[in-house]
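Please read the structure below before turning to the comments.
Residue numbers (this note's numbering): 7 to 207.
Structural data, given as structure tokens:
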């Protein structure tokens, strides 16, 4: 497990926040996605008595021991939990570059007992988010589990460094698309992005 976890800082993109716009969104005009070190444990599927941040720190430092976690969960057999963990670990590296123009996004994602404010999916991976304030990673599934009738592509993805006040980089989309959405979040756009929009007006 530590082999995958060692690169988690880049996989989870904890240094960046993303602003997402899609025609799939009906409840909100956009979502801001952020990831923190205490989100990682949810994505592995293991049980541990460590708090989430300590679990991440031990994983990243390569000091996690077998005694630090187990596969015991209520209403699940150990083999079921191990199977779930194996599937999650196998697709975990796929979320490194999740927010591209090739993914689908779904609002109000539901799958079995899983309920998420939104989820992003590729052919190999589905990542669900809880959205109380900023959206944060909540669950990781193998394969694309989105509802094809509800999911749509991303129109616009902006990025900023965590801690910065304004988004300053376009990851998906262009100035024309930004112009269509900007009135919803103009106050959190950098001067450079605002100037870019003005050039196409």
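Using N, Cα and C, we set each Cβ at its ideal position, and we do this for glycine too.
In terms of residue numbering, what span does the alpha helix (DSSP H) encompassing residue i cover?
i: residue 72; result: Unbroken run through residue 72: none, as it is neither H nor E.
i: residue 85; result: 84-97
i: residue 176; result: Premise fails: residue 176 lies in the beta strand (DSSP E), 175-178, not in any alpha helix (DSSP H).
i: residue 200; result: 197-206
i: residue 209; result: Since the first residue shown for the chain is 7 and the last is 207, residue 209 is missing from the structure and cannot be characterised.
i: residue 50; result: 46-50
Let me know if residue i comes out buried or exposed under the rule of 16 or more other beta-carbons within 10 Å of its beta-carbon.
i: residue 121; result: exposed
i: residue 138; result: exposed
i: residue 189; result: exposed
i: residue 8; result: In this prediction, residue 8 scores a pLDDT of 44, lower than 50, which makes its location untrustworthy; the coordinate-derived value is nonetheless stated afterwards. Residue 8 comes out exposed.
i: residue 55; result: exposed
i: residue 85; result: exposed
i: residue 46; result: buried
i: residue 13; result: Below a pLDDT of 50, predicted positions are generally treated as unreliable, and residue 13, at 39, falls in that range; no measurement from the model is reported.
i: residue 35; result: exposed
i: residue 204; result: exposed
i: residue 26; result: buried
i: residue 171; result: exposed
i: residue 169; result: exposed
i: residue 101; result: buried
i: residue 68; result: exposed
i: residue 72; result: exposed
i: residue 23; result: buried
Taking residue i as part of the beta strand (DSSP E), name the residues at either end of that continuous run.
i: residue 38; result: 37-40
i: residue 26; result: 22-27
Since residue i sits in a beta bridge, which residues does DSSP pair it with?
i: residue 106; result: Note: residue 106 sits in no beta bridge, so no partner.
i: residue 120; result: 117
i: residue 111; result: 126, 158
i: residue 167; result: 22
i: residue 81; result: Answer is none; residue 81 lacks a bridge partner.
i: residue 43; result: DSSP lists no partner for residue 43.
Checklist entry - Can you find at least 3 beta carbon pairs, one from the segment 85-97 and one from the segment 138-149, that sit closer than 8 Å? => result yes
Just to confirm the assignment: which complete beta strand (DSSP E) runs, minimum length 3, are found wholly within the segment 125-153? 131-138, 140-148
Can you find at least 3 beta carbon pairs, one from the segment 157-165 and one from the segment 176-191, that sit closer than 8 Å?
yes
Notebook entry, point to check: Would the segment 126-134 and the segment 189-201 be scored as touching if the rule is three or more Cβ pairs under 8 Å?
Noted result: no
Margin query: Taking 8 Å as the cut-off, does the segment 98-114 touch the segment 149-158 (at least 3 CB pairs, one atom from each stretch)?
Written below: yes
**Asked** Within the chosen definition, does the segment 47-65 reach the segment 85-93 through at least 3 CB pairs nearer than 8 Å?
**Response** In the pairwise beta carbon analysis, the segment 47-65 is classified as touching the segment 85-93: at least three pairs are separated by under 8 Å.
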